[in-house]
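Each residue of the sequence shown is one higher than the one before, starting from 9 at the first, in this note's numbering.
Just so it is clear, CB atoms sit at the ideal spot from N, CA and C, and this is done for glycine as well.
Okay, so here's the structure we're looking at.
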Amino acid sequence: MLAPFTPASDFVPANLDASTWANLKPLYDQLITRDLHCVKCLQRLIMDRSELDAAVSEVSSVLYINMTCHSSEAKHRDAYLAFVEHVEPPLKQASFDLDKRIASSPFAGELDQQRFGVYLRDLRNAVALFRPENIAIETEIAKLSQEYQSIAGAMTVQFDGQELPLPRMAPFQESTDRAVRERAWRAVAERRLADRGKIEDLFDKLLDLRHQVARNAGFANYRDYAHKAKRRFDYTPDDCHSFAKGVAQHIVPAMRQIDAQRKADLGVSSLRPWDMAVDVKGRAPLKPFENVDDFVAKTQRVFDRMDPSLGSMFRVLAQGVDGLSCLDLDSRKGKAPGGYQASRDRVRVPFIFMNAAGVQRDVETMVHEAGHAFHSMLCRTEPLLAYRSEIPLEFCEVASMSMELTAHDYLDEYYGSANAPRAVRKHIEGLANILPWIATIDQFQQWLYTNHGHSRAQRQQVWLDLIAKLGSDLDWSGLEDFRASMWQRQTHLFTSPFYYIEYGIAQLGALQLWANYRRDAAKAIADYKKGLSLGGSRPLGELFTAAGLNLDFSPTRIQKTWSEVETVLAKLPS
Numbered sequence: 009m010l011a012p013f014t015p016a017s018d019f020v021p022a023n024l025d026a027s028t029w030a031n032l033k034p035l036y037d038q039l040i041t042r043d044l045h046c047v048k049c050l051q052r053l054i055m056d057r058s059e060l061d062a063a064v065s066e067v068s069s070v071l072y073i074n075m076t077c078h079s080s081e082a083k084h085r086d087a088y089l090a091f092v093e094h095v096e097p098p099l100k101q102a103s104f105d106l107d108k109r110i111a112s113s114p115f116a117g118e119l120d121q122q123r124f125g126v127y128l129r130d131l132r133n134a135v136a137l138f139r140p141e142n143i144a145i146e147t148e149i150a151k152l153s154q155e156y157q158s159i160a161g162a163m164t165v166q167f168d169g170q171e172l173p174l175p176r177m178a179p180f181q182e183s184t185d186r187a188v189r190e191r192a193w194r195a196v197a198e199r200r201l202a203d204r205g206k207i208e209d210l211f212d213k214l215l216d217l218r219h220q221v222a223r224n225a226g227f228a229n230y231r232d233y234a235h236k237a238k239r240r241f242d243y244t245p246d247d248c249h250s251f252a253k254g255v256a257q258h259i260v261p262a263m264r265q266i267d268a269q270r271k272a273d274l275g276v277s278s279l280r281p282w283d284m285a286v287d288v289k290g291r292a293p294l295k296p297f298e299n300v301d302d303f304v305a306k307t308q309r310v311f312d313r314m315d316p317s318l319g320s321m322f323r324v325l326a327q328g329v330d331g332l333s334c335l336d337l338d339s340r341k342g343k344a345p346g347g348y349q350a351s352r353d354r355v356r357v358p359f360i361f362m363n364a365a366g367v368q369r370d371v372e373t374m375v376h377e378a379g380h381a382f383h384s385m386l387c388r389t390e391p392l393l394a395y396r397s398e399i400p401l402e403f404c405e406v407a408s409m410s411m412e413l414t415a416h417d418y419l420d421e422y423y424g425s426a427n428a429p430r431a432v433r434k435h436i437e438g439l440a441n442i443l444p445w446i447a448t449i450d451q452f453q454q455w456l457y458t459n460h461g462h463s464r465a466q467r468q469q470v471w472l473d474l475i476a477k478l479g480s481d482l483d484w485s486g487l488e489d490f491r492a493s494m495w496q497r498q499t500h501l502f503t504s505p506f507y508y509i510e511y512g513i514a515q516l517g518a519l520q521l522w523a524n525y526r527r528d529a530a531k532a533i534a535d536y537k538k539g540l541s542l543g544g545s546r547p548l549g550e551l552f553t554a555a556g557l558n559l560d561f562s563p564t565r566i567q568k569t570w571s572e573v574e575t576v577l578a579k580l581p582s
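Printed below as a string of structure tokens:
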């Protein structure tokens, strides 16, 4: 069951409709103009503000959930856009006014700094970045991001007499019939290519708007602004370049060695994009579940075996809370792509969204997003919204990626004991691909936003150079147009710029936790839960330490960690 919690205050009416600014304005005005006479007054203001922000955040989250679950339905799209256009702009101004009032209060120094230090640090950072003229620009950015989601969600292909959304095409890539794989791959690639021009136009607009946001805030480029806005107090862009260097030195060679072995095992003269998911021994594709109910039941058994308290939390997700659904897992027409976990911050109940197609990647996504949900549930009793909702993303992804790895011992629930090692190998080998992809996306963004005004041809060439340096040794002959536009499938570039290096930092943390788990499973899980229960109340490095990890993504750490991974990989059957 979920841990009970006490709301931060009773300032917000229980029946408040937070979807309109007319209902919110009087409450924010009360907070902005409230008299403060002492440190207790300031602390009360912080808690009242936290509960009001939670009510607004929950409405925003529910509208986003509805829009992504039904991306082709105008009523959900319009409701989400109405919030973006009519609530978020005045909310940003009111939030700034409160941030400034709290951060500059003469009583701020009297607050318990152990308790409120991170909160005040983040408020002062937000105050330094805020510019009123950016509110309208950020609204337009949000609308363009939603437009990308609608374009991607509307993509379907006709294949073997069926109209299928793109996620449902994934199982065909595991077919042992190479001709089927190629037809399926080309069908998806050609469908994406049909909207390439439309997506390029949209992306150009996003680049220009983001650059203007940065310039308005006094930054030379959006890269530097984004690092500050994302509260990256513990590392710099140079550290991101160092991460890419370490990946190029220590992970890319391993990835390409795996590719070479795949090519030899398949007995093909060249490795093509449609050869990357099929079993090299010609075995039938791994089929982890029959339907969504079967999927949930098997995942429940995984977490029950891993740790009883994690199993209890997943049971809450499966059953829902007070009539609220916590899962939308199936892939269907008109549903946005991808997967995510969202928090409904006033009732403090998580929600998992994904597009299950019956492939191994679905298992990885499910346990990944469950890790995010566990994070939300473990810090549920934290009174301060900022410490529940603004946890450093680098640590949020440790919560999720760790579950992908610790689930290895229990994959027999999906595949049986004979095929579970095969699934483990596939996942570990996949890490050799995902870390270079993370470096590629981050380095691409580093270039995009420090070279404003570049042409599409320049952008394409930089992309091609990066995947030549960090990508697989695939034969792309005759597929050059597809290869040049591969970046368009990465949703983060459109909706969450610079949210990607976090995955690399977190993956190295998760691999450390997995190593701890192999030595002492009970202690590793206990440390995991201890770290997650802190929410965002401590700086990033301290969160890693609490979970028994080191915040380190240098080439040296990459080499050490990957060496341990290869030791495990060498013991697995192919």
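- Not a single unbroken stretch of the beta strand (DSSP E) spanning 3 or more residues falls wholly within the region 377-405.
- Counting only runs of at least 4 residues, the region 470-520 fully encloses the following alpha helix (DSSP H) elements, listed from N- to C-terminal order: 488-492, 500-503.
- Under the 10 Å beta carbon count, ALA465 is surrounded by fewer than 16 other beta carbons and is classified as exposed.
- No Cβ-Cβ contact shorter than 8 Å links GLU402 with GLY543.
- Counted as a single uninterrupted DSSP element, the beta strand (DSSP E) harbouring ASP336 occupies residues 335-338.
- Of the candidates PHE104, ASP86, VAL126, the residue whose Cα lies closest to the Cα of GLY549 is VAL126.
- A contact between stretches requires three or more CB pairs, one per stretch, nearer than 8 Å, and the region 189-199 fails this requirement with the region 131-139.
- Judged by DSSP in its simplified three-state form, ALA554 adopts helix.
- DSSP places VAL300 within a helical segment (H, G or I) once states are collapsed to three.
- Per DSSP, the beta-bridge partners of PRO173 are THR164.
- Annotation: SER153 to THR448 spans about 21 Å, alpha carbon to alpha carbon.
- In this structure ALA518 touches MET409 by the C-beta definition: roughly 4 Å separates them, less than 8 Å.
- For ILE40, the enclosing alpha helix (DSSP H) begins and ends at 29-41.
- Given a length threshold of 3 residues, each whole run of the beta strand (DSSP E) inside the region 168-225 is given here in chain order: 170-173.
- Put simply, the backbone Cα of GLU377 is about 25 Å away from that of VAL255.
- Counting along the chain, no alpha helix (DSSP H) covers PRO15, and no H or E run does either.
- Under the three-state reduction of DSSP output, ASN363 falls in the strand class.
- With a cut-off of 8 Å on Cβ pairs, the region 338-351 is in contact with the region 64-79, counting three or more such pairs.
- Spanning the alpha carbons of VAL47 and LYS108 requires a straight line of approximately 16 Å.
- Scanning its chain for C-beta atoms nearer than 8 Å, with the 5 sequence neighbours on each side dropped, one finds around GLN515 the residues GLU405, MET409, LEU439, ILE442, LEU443, ILE446, in chain order.
- Distance between HIS460 and ASP216, taken at the CA atoms: about 8 Å.
- Contact fails between the region 485-493 and the region 382-396, because fewer than three Cβ pairs, one in each stretch, are under 8 Å apart.
- For secondary structure counted as the alpha helix (DSSP H) over 4 or more consecutive residues, the region 218-301 holds these complete runs in sequence order: 230-237, 245-258, 260-274.
- With 16 or more other CB atoms across the displayed protein chains lying within 10 angstroms of its CB, ALA344 is buried.
- Selection PRO581, LEU557, LEU577, PRO563 evaluated against LYS253 yields PRO563 as nearest (Cα-Cα).
- When beta bridges are read from the DSSP output, ARG313 appears opposite no residue.
- Excluding its 5 nearest sequence neighbours in each direction, LYS100 has C-beta neighbours in its own chain below 6 Å: ILE143, listed in chain order.
- Annotation for TYR348: no alpha helix (DSSP H) segment contains it, though the beta strand (DSSP E) segment containing it runs 348-352.
- Counting along the chain, the unbroken alpha helix (DSSP H) around PRO444 starts and ends at 420-458.
- Around the CB of LEU456, 16 or more other CB atoms lie within 10 Å, so the residue is classed as buried.
- Membership of HIS84 in the alpha helix (DSSP H) is indicated by the continuous run 82-94.
- The beta carbon of VAL357 sits closer than 6 Å to those of VAL329, LEU332, all from its chain and outside the five residues before and after it, given in chain order.
- For the 8 Å CB-CB criterion, LEU274 and ASP481 do not form a contact.
- Under a 10 Å Cβ-count criterion, ARG218 is classified as buried, with 16 or more other Cβ atoms of the shown protein chains found around its own Cβ.
- Here the region 302-319 lies against the region 362-378, with 3 or more beta-carbon pairs under 8 Å apart.
- Within its own chain, the residues whose Cβ lies closer than 8 Å to the Cβ of GLN567, once the five positions on either side in sequence are excluded, are GLY254, GLN257, HIS258, listed in chain order.
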